[in-house]
Amino acid sequence: MTSKLIVFTDLDGTLLDHFDYSFTAASTTLTSLKTLGIPCIINTSKTYSELLSLRQELRHRDPFIIENGAAIYIPKSADLILSSDMESKGDYWVKAFGPKRKTLVDLALAFAERFDFISYSDLSPEQLAEFTGLDCASASLSLRREFTEPLIWKDSNLALETFKTDMAKHGVKVQKGGRFVHLMGQDCDKAVAMAWLNEKYQEKYDAPTKIIALGDGENDVEMIRHADIPVVVRSPVHIPPEIPKRTDVWITESYGPAGWSEAIDKVLSIEGYV
Ligand SMILES: [Mg+2]
Numbered sequence: 031m032t033s034k035l036i037v038f039t040d041l042d043g044t045l046l047d048h049f050d051y052s053f054t055a056a057s058t059t060l061t062s063l064k065t066l067g068i069p070c071i072i073n074t075s076k077t078y079s080e081l082l083s084l085r086q087e088l089r090h091r092d093p094f095i096i097e098n099g100a101a102i103y104i105p106k107s108a109d110l111i112l113s114s115d116m117e118s119k120g121d122y123w124v125k126a127f128g129p130k131r132k133t134l135v136d137l138a139l140a141f142a143e144r145f146d147f148i149s150y151s152d153l154s155p156e157q158l159a160e161f162t163g164l165d166c167a168s169a170s171l172s173l174r175r176e177f178t179e180p181l182i183w184k185d186s187n188l189a190l191e192t193f194k195t196d197m198a199k200h201g202v203k204v205q206k207g208g209r210f211v212h213l214m215g216q217d218c219d220k221a222v223a224m225a226w227l228n229e230k231y232q233e234k235y236d237a238p239t240k241i242i243a244l245g246d247g248e249n250d251v252e253m254i255r256h257a258d259i260p261v262v263v264r265s266p267v268h269i270p271p272e273i274p275k276r277t278d279v280w281i282t283e284s285y286g287p288a289g290w291s292e293a294i295d296k297v298l299s300i301e302g303y304v
């Protein structure tokens, strides 16, 4: 039985250009995937609200994974086999991998006396815009998070380690990012969500699948490591992340969306699709 190809992709710096967020260089390949009926699953740190207009621009109809693997949005039209752990939300089924944000915010609040940090939920769009350099409209979309809570950590690194241990006791993971530390459910990870969704596709196809995963950053490493075809998209601003235990990783020649197309076009050709 031939296996069915599925694409899992990061957005920023991968499908979208690092500097201007354009995906022009990937347009033709995106159309090819659509024509061939190959699902292209977005797997991003962005929120549902941030993806709304972007998915329209991309004419994206496939499922998408938000907030670093915290939840999967599956369009009801995607015709995947349902399970009882999905929640209905408008046109989508939602599978969550961790607690809702309110739970995380309340938990953080309970520790606010012992540690020095500012919770995302306490920031206004204007304050967040000032802190991140986002414009106010984007900042306000980014504040509409559902499953993760970023903190501006003002305490010491040692205190952060203690905080991590405390959070772990509540099933919450503390992940250090560029500007923030992120609170999320212990099981939230791009790779875990990918594996779950892949199984749904195998059920739908009643056939094995072949995953090509593409990313450019540290938070993509596990996703790429667990793919059948692991692709690191070259970044103009940092060296490619190391993918442990894999010797078959493709590192693209081109940067961002051009590299994305380069890799997928090559796979489509090798696999005999074009
Ligand atoms: Mg990225």
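Counting with the working numbering, you get residues 31 to 304 for the letters of the sequence shown. C-beta atoms are modelled at their ideal positions from N, C-alpha and C, and glycine is treated no differently.
Cβ of LEU41 within 8 Å of any heavy atom in ligand 1?
-> Because some heavy atom of ligand 1 lies under 8 Å away, the Cβ of LEU41 counts as near it: yes.
Beta-carbon gap between ARG131 and PHE161 smaller than 9 Å = no
Which ranges does the alpha helix (DSSP H) cover as unbroken runs of at least 4 residues, wholly within the segment 153-226, from first to last along the chain?
-> Taking 4 residues as the minimum length, the alpha helix (DSSP H) runs contained wholly in the segment 153-226 are 155-162, 166-172, 187-198, in order along the chain.
Beta strand (DSSP E) segment containing GLU283, residue limits | 280-285
Terminal residues of the continuous alpha helix (DSSP H) containing ARG85?
-> Looking at the DSSP string, the run of the alpha helix (DSSP H) that includes ARG85 is 78-88.
Beta carbon of THR77: closer than 8 Å to some heavy atom of ligand 1?
-> The answer is no for THR77.
Would a C-beta distance cut-off of 9 Å place PRO287 and THR74 closer than the cut-off?
-> Inclusion of PRO287 and THR74 in the CB contact set at 9 Å is not warranted, their separation being larger than that value.
Coarse secondary structure for GLY99, derived from DSSP in three states | Helix.
Are the CB atoms of ALA293 and VAL267 nearer to each other than 9 Å?
-> no
With DSSP as the reference, label ALA142 as helix, strand or coil.
-> Secondary structure at ALA142: coil, using DSSP grouped into helix, strand and coil.
Thinking just about the alpha-carbon of each residue, which of VAL304, LEU139, ARG89, VAL37 is nearest to the one in LEU213?
-> Among VAL304, LEU139, ARG89, VAL37, the Cα nearest to that of LEU213 belongs to LEU139.
SER118 lies in the beta strand (DSSP E); which residues open and close that run?
-> Per DSSP, SER118 belongs to the beta strand (DSSP E) from 116-119.
Mind reading off the beta-carbon distance from PHE53 to LEU46? Whole number of angstroms is fine, and I expect it under 8 Å.
-> 6 Å
Limits of the unbroken alpha helix (DSSP H) element including SER57 | 57-66
Bridge partners of PHE147, per DSSP?
-> According to DSSP, PHE147 shares a beta bridge with TRP183.
Rounded to a whole number of angstroms, what is the C-alpha to C-alpha distance between ILE72 and ILE102?
-> Each residue's alpha carbon lies about 10 Å from the other.
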